[in-house]
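Engineer:
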Amino acid sequence: MTLNKQILLDKIATKNATIAVLGLGYVGLPLAIAFAEKGFQTIGFDISRQAVKRLQSGCSTVMDMSDVRVQRMLACGLFEATNEEERLADADVFIICVPTPLNASHEPDVTSIRASVQSIQRQVKRAAVVSLESTTYPGCTKEMILEPLVDAGLVLDEELFVCFSPERIDPGNKVYQTENTPKVLGGVSGASIQLGTAIYEQIIDTVIPVSSTEVAEMSKLLENTFRCINIAFMNEMSLLCDRLNIDIWETLDAAETKPFGFMRFNPGPGVGGHCIPLDPMYLSWKAKQANFFSRFIETAQDINSNMPKEVVNKAVKLLNEARKAVNGSRVLLMGMSYKKDINDLRESPSLAIYEELKRLGAEVQYCDPYVASFLDKQNVCVYGEALSTVQFHQYNLVILLTNHSDFKMAEISDQAANLLDTRNMVKNSLPKVFA
Numbered sequence: 000m001t002l003n004k005q006i007l008l009d010k011i012a013t014k015n016a017t018i019a020v021l022g023l024g025y026v027g028l029p030l031a032i033a034f035a036e037k038g039f040q041t042i043g044f045d046i047s048r049q050a051v052k053r054l055q056s057g058c059s060t061v062m063d064m065s066d067v068r069v070q071r072m073l074a075c076g077l078f079e080a081t082n083e084e085e086r087l088a089d090a091d092v093f094i095i096c097v098p099t100p101l102n103a104s105h106e107p108d109v110t111s112i113r114a115s116v117q118s119i120q121r122q123v124k125r126a127a128v129v130s131l132e133s134t135t136y137p138g139c140t141k142e143m144i145l146e147p148l149v150d151a152g153l154v155l156d157e158e159l160f161v162c163f164s165p166e167r168i169d170p171g172n173k174v175y176q177t178e179n180t181p182k183v184l185g186g187v188s189g190a191s192i193q194l195g196t197a198i199y200e201q202i203i204d205t206v207i208p209v210s211s212t213e214v215a216e217m218s219k220l221l222e223n224t225f226r227c228i229n230i231a232f233m234n235e236m237s238l239l240c241d242r243l244n245i246d247i248w249e250t251l252d253a254a255e256t257k258p259f260g261f262m263r264f265n266p267g268p269g270v271g272g273h274c275i276p277l278d279p280m281y282l283s284w285k286a287k288q289a290n291f292f293s294r295f296i297e298t299a300q301d302i303n304s305n306m307p308k309e310v311v312n313k314a315v316k317l318l319n320e321a322r323k324a325v326n327g328s329r330v331l332l333m334g335m336s337y338k339k340d341i342n343d344l345r346e347s348p349s350l351a352i353y354e355e356l357k358r359l360g361a362e363v364q365y366c367d368p369y370v371a372s373f374l375d376k377q378n379v380c381v382y383g384e385a386l387s388t389v390q391f392h393q394y395n396l397v398i399l400l401t402n403h404s405d406f407k408m409a410e411i412s413d414q415a416a417n418l419l420d421t422r423n424m425v426k427n428s429l430p431k432v433f434a
């Protein structure tokens, strides 16, 4: 065992290690606060001055983190939010939780990872552990973190220990949060795995070490590609059932009674969030580099990305049946976020449905208790209708897109002239879309 490795293990065990979390979004902020609550001096770094200013004033920047928890850690001095890169010089552990979107060509955009590594390279002053949590392709940890830092002169297993531990945050989930969600961890060496495990065991109930960063990277993509493909299959089955005049929801309820060999996935208006729409594309991109083409992934992406159009087609059909042209019809979208009880609009199918209905000439409004406004494709701010005052009977069509708990379905179904239900929220004979 090297001296620096033992020093780091001792610092972690005695809570004398300083933790730096780079990126204070829905992954990084809960992680930083969790370390601070366990007694670690924690530096939260973010390039957004607005986010840092809010956190410094005691206001959380994510829904799943209360203001009170942030304020407590600020008050006791164990957490600080900063955009001053120089503060990273105090860290023993660097955890990177930055966005990894796709670029315009649907290829991985690792700009934020690269910038984070450059900041660490400039500021690291002693032996340190660097852990990447951002979702990425197999091999990225070695390419983007290990190689640049070694090239800068840091010696692996002496001055540098590198891990990948994929985030598993599920926004809005009240049961599984940072501490009780099992965490996979891979390292570029045995020493890296040992140190990474020691770090995360301070805040996570169950840490699952794996043999390499590539296995850990692949596991995250496999998890979400599995969901993407199965959701796509159910979306396709919903379209088939609609064609055959069969209730997909009753069919699913029946199939789910089998106690083995069946795992339920629900259809819907499309997929959203950062993970399900994007992660399969990371895997597909990496596969193509190995001259391997995944037909499952490509087909699933095609089905899911076309579901908003299927919803619009159904809306047009329902309006026609009511002797209303879509052009000039008043349409209310219930729910803009991609899943229930959160305010996250990333990749939300509701946005695509809104834009397509507007393109067809409909007068589109929306109601979402979690989304006060959003910017449309023309960069115009669109404001929502208040749930407490919205008059459902004034619309030619109401479309249920997000199954928020605040929606009173009896009231909506009683008042709406025509109702298109993409989430099976209304269990009666009103028109539904099986998607």
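To convert, note that position 246 of the sequence shown is 245 in numbering that gives the first Met the number 0; the numbers rise steadily by one, no gaps.
Where is the CB? At the ideal position from N, CA and C, for every residue including glycine.
#1: Once the 5 residues before and after residue 439 are set aside, which same chain residues still bring their CB inside 8 Å of it?
#2: With a threshold of 8 Å on Cβ separation, who are the neighbours of residue 390 within its own chain once the five nearest residues in sequence on each side are excluded?
#3: In chain order, what residues of the same chain have a beta carbon less than 8 Å from the beta carbon of residue 264, not counting five sequence neighbours either side?
#4: Count Cβ pairs between the segment 114-121 and the segment 74-82 that sit closer than 8 Å; are there 3 or more?
#5: Mind the definition here: the segment 135-151 touches the segment 272-292 only if three or more C-beta pairs lie below 8 Å; say whether that holds.
#6: Closest to residue 267 by C-alpha separation, out of 255, 278, 248 and 279, would be which residue?
#7: Among 157, 357, 173 and 70, which one has its Cα closest to the Cα of residue 1?
#8: Measure the CB-CB distance between residue 341 and residue 382 and report whether it falls below 8 Å.
#9: Give the list of continuous alpha helix (DSSP H) stretches no shorter than 4 residues that lie fully inside the segment 214-261.
#10: What first and last residue would you give for the alpha helix (DSSP H) that runs through residue 192?
#11: Find the nearest neighbour of residue 280 within the set 360, 105 and 132, judged by alpha-carbon distance.
#12: In angstroms with no decimal places, state the Cα-to-Cα distance between residue 289 and residue 108.
#13: Helix, strand or coil for residue 275, going by three-state DSSP, please let me know.
#14: Can you give the beta carbon distance from residue 42 to residue 90, rounded, assuming they're within the 8 Å contact cut?
#15: Determine, using beta carbons only, whether residue 359 and residue 325 come nearer to each other than 8 Å.
#16: Alpha carbon to alpha carbon, how far is residue 161 from residue 311? Give it in angstroms, no decimals.
#17: Just verifying my parser: in three-state terms, what is the DSSP assignment at residue 417?
#18: Between which two residues does the alpha helix (DSSP H) harbouring residue 28 extend?
#19: Along the chain, where does the beta strand (DSSP E) containing residue 364 start, and where does it finish?
#20: Should residue 168 and residue 143 be called a contact, given that it needs their Cβ atoms to be closer than 8 Å?
#21: Taking only the alpha-carbon atoms, compute the straight-line gap between residue 411 and residue 405 and give it to the nearest angstrom.
#22: Quick one: Cα of residue 337 to Cα of residue 12, how far?
#23: Rounded to a whole number of angstroms, what is the C-alpha to C-alpha distance between residue 86 and residue 62?
#24: In three-state terms, what does DSSP make of residue 78?
#25: Alpha carbon to alpha carbon, how far is residue 53 from residue 335? Give it in angstroms, no decimals.
#26: Pick helix, strand or coil for residue 314, following the three-state DSSP scheme.
#27: Taking C-alpha atoms, which residue in 126, 392, 333 and 408 lies nearest to residue 399?
Structural biologist: Looking at the atomic coordinates:
#1: Any question about residue 439 goes unanswered here, given that the chain covers just 0 to 434.
#2: 414
#3: 226, 229, 230, 232 and 233
#4: no
#5: These segments touch.
#6: The shortest C-alpha to C-alpha distance from residue 267 to any of 255, 278, 248 and 279 is the one to 248.
#7: Of the candidates 157, 357, 173 and 70, the residue whose Cα lies closest to the Cα of residue 1 is 157.
#8: no
#9: Qualifying alpha helix (DSSP H) stretches, in chain order: 247-254.
#10: 189-199
#11: 105
#12: 19 Å
#13: coil
#14: 6 Å
#15: yes
#16: 47 Å
#17: coil
#18: 27-36
#19: 362-366
#20: no
#21: One Cα belongs to residue 411, the other to residue 405, and the distance between them is close to 12 Å.
#22: 40 Å
#23: 26 Å
#24: strand
#25: 25 Å
#26: Note: residue 314 maps to helix in three-state DSSP.
#27: 333
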